[in-house]
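Numbering (the numbering used here), first residue to last: 773 to 926. We treat Cβ as the ideally placed atom computed from N, Cα and C, and that holds for glycine. See structure below.
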Amino acid sequence: MELLRQLDEEATKRNAQIKLSSYRQQKSYANAPISPRITAGYGDGGSVSTAPRPEYPEEQLILSEQGSKYCGWIDWAVNSCRKYKYRELLKIVYCEGYEEDHGYYMDKLAQRLDKYDLSSSTYFKWYDAALLDVAERLNCQIFKQDNEDIKKVE
């Protein structure tokens, strides 16, 4: 008989935050211009090694492709959240690139949801629920039994 595993909510939320927080960096790679005519003539300034190293345009193409795939994966996970308010909250905080505090996020979310009595406690309750919801889709949930096994190994 298999034991029922309990979700470690705090570790799961941290794990989801880590995955979501790299969205903007990956988006910048996906949208970066690649100009092989300008960059191919210049080296990277490092010493010559025996291992073959891809040229700058090739690296940028690889990063661009990886970035667009990563962003597509995150977009899919956010857009498949169960509730509209969770989708909008995660888009505002992680995908749209606002570098403000949660007060600005609350104002933006209240405008999008046409809900003008959004309190700070409601915002954080939705935020926690949204992180747990998207963690399920990103397959980054951490269970208490798994977490204890990790601690034993360390």
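From which residue to which residue does the alpha helix (DSSP H) around residue i run?
i, result
"residue 834", "828-851"
"residue 803", "795-803"
"residue 868", "Residue 868 -> no alpha helix (DSSP H), and no H or E assigned at all."
"residue 857", "856-862"
So if DSSP puts residue i in a beta bridge, which residue, or which two residues, is it bridged to?
i, result
"residue 896", "BP columns for residue 896 are empty, so no partner."
"residue 779", "915"
Can you grab the Cα-Cα spacing for the pair residue i / residue j, in whole Å?
i, j, result
"residue 793", "residue 899", "14 Å"
"residue 845", "residue 868", "16 Å"
"residue 783", "residue 830", "37 Å"
"residue 836", "residue 866", "19 Å"
"residue 802", "residue 847", "14 Å"
"residue 828", "residue 892", "46 Å"
"residue 713", "residue 864", "Shown here, the chain extends from 773 to 926; a query on residue 713 therefore has no answer."
"residue 791", "residue 889", "30 Å"
"residue 856", "residue 879", "16 Å"
"residue 800", "residue 839", "8 Å"
"residue 798", "residue 910", "16 Å"
"residue 881", "residue 896", "12 Å"
"residue 812", "residue 849", "Bear in mind that a pLDDT of 45 at residue 812, under 50, signals an unreliable position, so the number given afterwards is only what the model happens to contain. Whole-angstrom Cα-Cα distance: 37 Å."
"residue 894", "residue 843", "28 Å"
"residue 877", "residue 887", "13 Å"
"residue 781", "residue 804", "36 Å"
"residue 841", "residue 786", "22 Å"
Sorted by chain position, which residues of the same chain lie with C-beta nearer than 8 Å to residue i's C-beta, five sequence neighbours on each side aside?
i, result
"residue 833", "806"
"residue 851", "859"
"residue 883", "none"
Go through its chain and collect everything with a Cβ distance to residue i's Cβ below 7 Å, but skip five positions before and after it.
i, result
"residue 810", "Here residue 810 scores only 47 on pLDDT, less than 50, and its place in the model should not be relied on; the value that follows carries that caveat. Same-chain partners within the cutoff: there are none."
"residue 905", "853, 854 and 858"
"residue 885", "857 and 860"
Excluding sequence positions up to five away, which residues of its chain have a Cβ less than 6 Å from the Cβ of residue i?
i, result
"residue 907", "784, 788 and 913"
"residue 778", "916"
Which whole-angstrom value describes the C-beta separation of residue i and residue j, a residue pair presumed to lie in contact below a C-beta threshold of 8 Å?
i, j, result
"residue 902", "residue 862", "5 Å"
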